[in-house]
Amino acid sequence: MKLHRINALLFRHLYLYKRSVPRLMDIFFWPVVELILWGFISLYLGRFNMNGVNIVTVLLGAIIFWDILSQSQRAVSVAFLEDVWERNLLNIFVSPLTISEFVVATVLLGWVRVMMVGVVMGILASALYHLNIFQFGFSLIPFVMNLLLFGWSAGLFATAIILRYGTAAQVLAFSLLFLVQPLSAVFYPVSILPIGAQWIAMLLPSTHVFEGMRAVIATGKVPYANLGWAFLTNAICLFLSIVYFSHMFARVKEEGRLIKLD
Amino acid sequence: MAILEVHHLVKKFKTDTAVAGISFEIEEGKITGLLGPNGAGKTTTILMLLDVITPTSGTIRMFGKDMRHDREAILSKVNFSSPYVALPSNMRVWENLATFARLYGVRDVKRKIEALADFFEIRALLHKMTSALSTGQLTRLNLTKALLNDPKLLLLDEPTASLDPDIADRTRTLFKRIQKEWNVTILYTSHNMAEVEALCERVIFLQAGKIVDDGKPQELIHKYGHKDLNEVFLSIARNEIT
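Written out as structure tokens, the structure is:
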């Protein structure tokens with residue numbers, strides 16, 4: 000793996016972000032709108048007796064975590080789509096770039112986006128709702144890492160489907176995670192779900208992350224069972240998405256569709 | 000010395016055979032034309048040489064190395080240009096070239112881009128948006144990108160298609176200069192037979208995925224008793240030569 004090739008792709012996308020208002024909107028607009036919306040909802044709900052639960056922290060924490068997951072996934076899939084839209088895939092893949100370098104570059108891009116969103120949302124949450132997302136110290140960091148991992152898996156999976164079906168499937172780049180949001184127990188405990196749905200929810204790393212996040216907020220302690228399950232399910236998801244993506248990429252080359260991908 | 004060796008290369012797409020077991024070698028420093036009617040297998044062959052289409056069978060060796068085992072080493076010495084493949088229009092010319100220079104591991108990116116920009120007379124365009132460039136300027140930009148890594152082998156897919164006669168003529172002059180000044184081997188597809196006659200030292204004719212003839216343009220013209228390469232092409236396209 001060559002660092003200069005990973006750097007090249009990373010710079011290629013940062014050049015775009017530098018001047019493109021629509022791209023910056025994609026990164027900041029929805030997270031900020033959601034933060035403001037859920038902030039007011041949680042302030043309202045905070046007026047009711049919630050058995051001592053700090054509803055502002057729980058809901059705003061959930062929305063910030065959700066945006067981290069969402070940005071991480073979109074960065075991977077949209078970075079690939081940028082080259083499809085610009086008919087640039089062939090230029091990229093006739094270079095010595097390897098598929099693993101391509102994936103690592105998009106994953107790093109996801110990390111850059113998450114950092115940007117995290118900083119902006121952290122400042123806004125503090126300024127508007129007096130919520131300090133760093134008040135739990137290092138307890139939440141392993142959960143954030145799990146969200147990044149799951150976002151990358153989902154991003155790779157969406158990209159593999161776009162490879163298979165072309166841009167007809169590009170809506171998945173923006174919406175794939177919304178399919179799992181109801182089962183991920185983002186805003187409510189997993190116990191609210193019907194029993195059958197709970198079993199499916201437990202297969203998702205995101206469910207363990209959001210359950211864990213609520214436990215940290217409630218007790219200040221790291222729930223190691225949630226963390227362990229999150230890492231285990233993430234390892235499986237990441238492995239499966241890499242295998243599926245590699246298979247689809249090989250198939251596209253086999254069928255000669257890399258140049259016709261639109 | 001052959002820098003490209005293709006042996007029994009086959010590409011099948013489901014029931015269709017695009018390339019039916021072709022073998023050829025390309026000598027260093029020559030311009031070779033890969034010719035044939037639409038659907039003859041030219042672009043499929045070029046894309047297999049670039050490892051963006053996986054061959055069904057056969058081997059591709061460049062610089063003495065096998066593409067299946069030494070893809071990175073081979074592609075670092077090869078480049079490609081086609082009017083059908085765009086550089087991102089939403090980036091500045093400089094940004095596009097810097098991206099590809101980094102991708103190919105160019106050491107002094109700024110100096111390399113400026114030297115090539117002078118050669119192709121696009122220095123004044125470096126800070127323009129790529130979307131603002133004319134077709135002729137885009138062709139020169141694509142060629143600049145294609146020379147960033149000092150390729151030993153340059154694959155050009157219909158590089159003068161959609162250019163007006165003046166710009167096409169200037170572009171052909173550039174190919175000659177690239178070959179001479181950089182000692183680049185060029186494999187070239189085109190439907191413009193006058194252009195091929197003027198540029199190529201050797202032509203390989205493909206028809207229905209097979210090589211139907213191979214030689215110097217003038218030799219082929221005499222061999223088939225035609226007055227120019229265009230007539231040879233027509234005979235092949237209409238199956239008058241077997």
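Those sequence lines, one after another, are chains A and B.
Position 94 (the first sequence) corresponds to 93 in numbering that gives the first Met the number 0; numbering is contiguous.
Position 191 (the second sequence) corresponds to 190 in numbering that gives the first Met the number 0; numbering is contiguous.
We put the beta carbon where it would ideally sit given N, CA and C, even for glycine.
Across the set B:Ile235, B:Leu233, B:Glu200, the C-alpha of B:Glu200 shows the shortest separation from the C-alpha of B:Glu218. Pairing A:Ile235 with A:Leu203, the inter-Cα distance amounts to about 10 angstroms.
DSSP, reduced to helix, strand and coil, places B:Tyr83 outside both helices and strands of the structure shown, so it counts as coil. Looking only at A:Met114, A:Leu13, A:Asn233, the smallest Cα-Cα distance to B:Asn89 is reached by A:Leu13.
Judged by beta-carbon spacing, A:Leu108 lies within the 7 angstroms limit of A:Leu9, meaning their Cβ atoms are closer than that value. For A:Leu257, the nearest beta carbon of chain B is closer than 7 angstroms to its own beta carbon.
Straight-line spacing of the CA atoms in A:Ala153 and A:His207 works out to 16 angstroms. At least one beta carbon of chain A lies nearer than 7 angstroms to the beta carbon of B:Ile52. A straight line joining the alpha-carbon of B:Asn95 with that of B:Thr188 spans about 25 angstroms. B:Pro87 belongs to the set of residues whose beta carbon lies under 7 angstroms from a beta carbon in chain A. Interface with chain A (7 angstroms Cβ-Cβ cutoff): B:Arg60 is excluded. For A:Val93, the C-beta contacts it makes with chain B under 9 angstroms involve Leu46, Leu49, Asp50, Val51, Leu74, Val77, Asn78, Phe79, Val84, Leu154, in order along the chain. In the three-state DSSP reduction, A:Val215 falls in the helix class (H, G or I).
In this structure, the straight-line span from the alpha carbon of B:Gln206 to that of B:His7 is close to 15 angstroms. Using a Cβ distance threshold of 7 angstroms, B:Glu27 and B:Thr129 do not count as a contacting pair.
Using a CB distance cut-off of 7 angstroms, A:Tyr14 counts as an interface residue toward chain B. At a Cβ-Cβ threshold of 7 angstroms, B:Val51 and B:Gly208 do not count as neighbours.
B:Lys11 carries a strand assignment under DSSP once its states are collapsed to helix, strand and coil. Taking a Cβ-Cβ threshold of 7 angstroms, the residues of chain B close to A:Arg86 are Val84, Ala85, in chain order. B:Glu196 and A:Ile98 have their alpha carbons spaced roughly 39 angstroms apart. At a beta-carbon threshold of 7 angstroms, none of the residues of chain B lie near A:Ala74; the nearest stands roughly 17 angstroms away. In the DSSP assignment, B:Ile59 forms a beta bridge with B:Val5. Neighbours of A:Lys220 in chain B, taken as residues at a C-beta separation under 7 angstroms, are lacking, since the least C-beta distance is about 46 angstroms.
Under the 10 Å beta carbon count, A:Pro21 is surrounded by fewer than 16 other beta carbons and is classified as exposed. Secondary structure of B:Ala19 (DSSP, three-state): strand.
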